[in-house]
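Participant: As you go down the protein sequences, you meet chains A and B in turn.
The first sequence begins at 3 in the working numbering and counts up one residue at a time.
The second sequence begins at 3 in the working numbering and counts up one residue at a time.
Structure below; questions to follow.
Number of protein chains: 2
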Amino acid sequence: MESDSSYKNKKVINIGIVRELTGLSERQIRYYEERKLIFPDRTPGGSRKYSFADVELLVEIANKIEDGVQTHEIRKEMLRSQKKQNPEEIRRKMIQGQLNAQFGFRKGPYS
Amino acid sequence: MESDSSYKNKKVINIGIVRELTGLSERQIRYYEERKLIFPDRTPGGSRKYSFADVELLVEIANKIEDGVQTHEIRKEMLRSQKKQNPEEIRRKMIQGQLNAQFGFRKGPYS
DNA sequence: AAACTATGTTATATATCCTTACACAATTAT
DNA sequence: ATAATTGTGTAAGGATATATAACATAGTTT
Numbered sequence: 003m004e005s006d007s008s009y010k011n012k013k014v015i016n017i018g019i020v021r022e023l024t025g026l027s028e029r030q031i032r033y034y035e036e037r038k039l040i041f042p043d044r045t046p047g048g049s050r051k052y053s054f055a056d057v058e059l060l061v062e063i064a065n066k067i068e069d070g071v072q073t074h075e076i077r078k079e080m081l082r083s084q085k086k087q088n089p090e091e092i093r094r095k096m097i098q099g100q101l102n103a104q105f106g107f108r109k110g111p112y113s
Numbered sequence: 003m004e005s006d007s008s009y010k011n012k013k014v015i016n017i018g019i020v021r022e023l024t025g026l027s028e029r030q031i032r033y034y035e036e037r038k039l040i041f042p043d044r045t046p047g048g049s050r051k052y053s054f055a056d057v058e059l060l061v062e063i064a065n066k067i068e069d070g071v072q073t074h075e076i077r078k079e080m081l082r083s084q085k086k087q088n089p090e091e092i093r094r095k096m097i098q099g100q101l102n103a104q105f106g107f108r109k110g111p112y113s
């Protein structure tokens, strides 16, 4: 009996499929990662893996950008909305993978 | 507000990830397809795409095989359990992609 | 004995993804 | 107003992932 969030937050989707699901270009998807808005997992070989939650987030990001909001500003918003959560909530989300590690201990190329 | 089944049945996962999630070899996964137990989508380029539901099904298949049941027999079981559903149910599942087209009009290499 | 089952392995080809770099119009900052 | 930054396209070259087909084989079923 897998919980919903187990599907929603599992990082199993390639960038090509994310492109299809979101309508964004791969360039855009990678750029938003560079701007620290999204944090896909990586296979040992280096391929990005996204969750459905990531896909949803990307769509939200794209909408804001269409509204003229800069990635810089979007990032601030995201950090702000996170700080409003209590530590318990954050811990829970981290464990379930609903939260992209944003507090220093990431390994990726963009730190 | 995406429904759960929208995630569970969307075919977005590569065979490599399916291998990881199930513990099966790619050879096995492809073989079960050849035996008409599983029906991944294909990208235009020909790469297989699986859903979480497919992953679950593969695990069930693997368990039966471990119990000595042959693919042949498993397939019969699957068809039997399908026939017990009423046409409405079947139609609904087809639409939601919960059912792998098993009634002739498939395009794949294994018909 | 012959056929089939389930799986591994190997070879070759195609698809997909990666990073880096250059370009450039538009916007924002100094 | 000039300089810097933003957001995105595109191209090159390389690495990773997947595809099919073929051969092998131990075990099972016919």
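Positions of the beta carbon are idealized from the N, C-alpha and C atoms, including for glycine.
Beta carbons nearer than 7 Å to chain B: which residues of the segment 14-31 of chain A have them?
Facilitator: Here the close residues are Val14, Ile15, Asn16, Ile19.
Participant: Starting from the beta carbon of phenylalanine 54/A, find every residue of chain B whose beta carbon is closer than 7 Å, and list them in chain order.
Facilitator: Residues of chain B passing the Cβ test: Tyr9.
Participant: Measure the Cβ-Cβ separation of arginine 82/B and arginine 37/B and say whether it is below 8 Å.
Facilitator: It is not a contact, given that the beta carbons lie outside the stated cut-off.
Participant: Are there 16 or more other CB atoms within 10 angstroms of the CB of proline 46/A, so buried, or fewer, so exposed?
Facilitator: That one is exposed.
Participant: So asparagine 102/B and phenylalanine 54/B are in contact, right, with Cβ under 8 Å, and what is the actual spacing, rounded?
Facilitator: At roughly 14 Å, the Cβ-Cβ gap does not stay under 8 Å, so asparagine 102/B and phenylalanine 54/B are not in contact.
Participant: Starting from the C-beta of arginine 50/B, find all residues in its chain whose C-beta is less than 7 Å away, skip the five residues before and the five after it, and write them out in chain order.
Facilitator: Ile17, Pro42, Arg44, listed in sequence order.
Participant: Determine the closest residue to isoleucine 19/A out of Gln84/B, Ile15/B, Lys66/B, with distance taken between C-alpha atoms.
Facilitator: Residue Ile15/B is the option with its Cα nearest to isoleucine 19/A.
Participant: Tell me the rounded alpha-carbon separation between glutamate 68/A and glutamate 35/B.
Facilitator: Going from the Cα of glutamate 68/A to the Cα of glutamate 35/B covers about 43 Å.
Participant: Below 6 Å CB to CB, which residues in the same chain sit around phenylalanine 23/A once its five sequence neighbours on both sides are set aside?
Facilitator: In the sequence as presented, phenylalanine is not what sits at residue 23/A; that position holds leucine. Same-chain partners within the cutoff: Val57.
Participant: Let me know the secondary structure DSSP gives arginine 44/A once reduced to three states.
Facilitator: Strand at arginine 44/A.
Participant: Could you say which of Asn11/A, Ser8/A, Ala64/A, Lys13/A lies nearest to tyrosine 33/A if we only look at CA atoms?
Facilitator: Of the candidates Asn11/A, Ser8/A, Ala64/A, Lys13/A, the one whose C-alpha sits nearest the C-alpha of tyrosine 33/A is Ala64/A.
Participant: Could you tell me how far apart the beta carbons of leucine 39/A and methionine 80/A are, in whole angstroms, since I believe they sit closer than 8 Å?
Facilitator: The pair is a contact, with the Cβ atoms about 7 Å apart (cut-off 8 Å).
Participant: Measuring only the C-alpha atoms, how far is glutamate 62/B from arginine 21/B?
Facilitator: Roughly 14 Å separates the two Cα atoms.
Participant: What residue from Gly70/B, Ser8/B, Gln100/B has the CA that sits closest to glutamine 84/B's CA?
Facilitator: Nearest option by C-alpha distance: Gln100/B.
Participant: Verify whether the separation of the beta carbon atoms of serine 10/A and tyrosine 52/B is less than 8 Å.
Facilitator: The sequence as given places lysine at residue 10/A; serine does not occur at that position. Taking 8 Å as the Cβ cut-off, lysine 10/A and tyrosine 52/B do not qualify as a contacting pair.
Participant: Considering Cα atoms alone, identify which of Leu60/A, Glu75/A, Gly70/A is closest to glutamate 28/A.
Facilitator: The candidate whose alpha carbon is nearest that of glutamate 28/A is Leu60/A.
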